[in-house]
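Engineer:
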Amino acid sequence: MKKLFSVVLALVMCLSSFVTASAVTDKPFYLVLGDSIAYGSGLGNPTEACYGKIVADTNGYEYVNYSVPGHTTTNLIARLGQPEVVEALQKSDIISISIGGNDFLLGNLMELIFNAMVLKDYAPLDNIAASFFENFSTIVDIINEHNPDAVILMQTLYNPQSGYLREPYQMAADRLNAEIRRFAEENPGKIVIVDVGTALGDDPANFAGDDIHPSANGNMIIAQTVLDVLYEIGLGKTTIPVVSTPATDINIPSFFTASLDIMGFAFNLMGYVYDFITAILTFIPVPYIINN
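Using this note's numbering, read the sequence shown as starting at 190 and increasing by one per residue.
1) List the endpoints of the continuous alpha helix (DSSP H) containing residue 340.
2) Taking the alpha-carbon of residue 258 as reference, which of 405, 398, 289 and 411 has the nearest alpha-carbon?
3) Who does residue 383 pair with in a DSSP beta bridge?
4) Measure the C-alpha to C-alpha separation of residue 253 and residue 245 and round it to an integer number of angstroms.
5) Could you check whether the stretch 258-278 touches the stretch 429-442, counting it as contact only if at least three pairs of C-beta atoms, one from each stretch, sit closer than 8 Å?
6) Would you say residue 304 and residue 426 are within 8 Å of each other, going by their C-beta atoms?
7) Using C-beta distances below 8 Å, list every residue in its chain close to residue 255, excluding the 5 sequence neighbours before and after it, in chain order.
8) For the beta strand (DSSP E) that contains residue 358, what are its first and last residues?
9) For residue 231, is the classification buried or exposed, using 16 other Cβ atoms within 10 angstroms of its Cβ as the cut-off for buried?
10) Looking only at its chain, what residues have a beta carbon closer than 6 Å to the beta carbon of residue 301, apart from the 5 residues adjacent to it on each side?
11) Under the assumption that residue 372 contacts residue 293 (Cβ atoms under 8 Å), give the Cβ distance between them as a whole number of angstroms.
12) Tell me which residue opens and which closes the alpha helix (DSSP H) that residue 322 is part of.
13) Inspect the beta-carbon positions of residue 417 and residue 428 and report whether they are closer than 8 Å.
14) May I have the straight-line CA-CA distance separating residue 239 from residue 224, to the nearest angstrom?
15) Identify whether residue 230 lies in helix, strand or coil by the three-state DSSP scheme.
16) Enumerated in chain order, which unbroken segments of the alpha helix (DSSP H) with a length of 4 residues or greater are wholly contained in the stretch 245-297?
17) Would you tell me roughly how many angstroms separate the C-alpha atoms of residue 362 and residue 285, rounded to the nearest one?
18) Would you tell me roughly how many angstroms separate the C-alpha atoms of residue 334 and residue 270, rounded to the nearest one?
19) Looking only at C-alpha atoms, which of 352, 348, 325 and 349 sits nearest to residue 342?
20) Excluding the 5 residues flanking residue 315 on each side, which residues of the same chain have their C-beta closer than 8 Å to its C-beta?
Okay, here's the thing in structure tokens:
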């Protein structure tokens, strides 16, 4: 009897260990990819309090965030080839992506704003949007190669600016969001759109002091938006966020945003001058200008 009891006890313990291990591995794996928005750069404690962490804690997901501040769609394509990211892709059940803003912001921002506000030349914006579509298509293809069953959540872009810069930023966001929606229409079932742009709106409280990234409140709104989508498609437990660590906002010197305001004002003024000169030249014959 003692031997039989020992055997039964051993079997029970093994079964218990198996069930426990299964429970751990059965947790959905949630991977966050992208840029500084996904990283949580508007927060003083991004690792502990960004929206990805809130979503993971709320639904009990296994979670990893491989976002990199400053990344463009081209950077993300390269990142998808790194071994640790490939490993995460292969076991992911849900993948959140925030990407595209830096395709506009890095390297040629002033030129783009000048063209849009002063020259009314929108071709450079259109070219970037077209490039974004191609790169984003490649990103989805790479993910599907590693894991065709993962649900890809793609966030729309928002506009954090107010004042004179709001219009050119909106032009950029609108173009990228149109490309995201075009991809979804042309590739049914490939992505699920999370409309972060609409959710954040234009409330200054939703944006950090740098006028670029979501604030603590903004991260909560993004988390809520993602949770709503996940619950709607049957991958979330609840839509009530669980916050393990309260977020703190970054402190940005006022001169940083003031410089952006000055640039916006200057370009806006230049736009009026350019329009005025163009209007005058329209009514003055060219031979008269040359002769005088």
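For every residue, glycine included, the Cβ atom is placed at its ideal position computed from N, Cα and C. Quantities reported herein were computed from a predicted structural model and do not represent experimental measurements.
Structural biologist: Answer, in terms of the structure:
1) Premise fails: residue 340 lies in the beta strand (DSSP E), 340-344, not in any alpha helix (DSSP H).
2) Comparing Cα positions, the closest option is 289.
3) 344
4) Approximately 9 Å between the Cα atoms of the pair.
5) no
6) No, they are not a contact pair.
7) 220, 221, 222, 268, 273, 274 and 277
8) Residue 358 -> not in any beta strand (DSSP E); alpha helix (DSSP H) instead, spanning 355-375.
9) The residue is buried, with at least 16 neighbouring Cβ atoms inside 10 Å.
10) 313
11) That belief does not hold up - the Cβ atoms of residue 372 and residue 293 are roughly 18 Å apart, past 8 Å.
12) 312-335
13) yes
14) 13 Å
15) coil
16) 262-268, 272-280 and 290-294
17) 18 Å
18) 11 Å
19) 325
20) Taken in chain order, the residues that qualify are 364.
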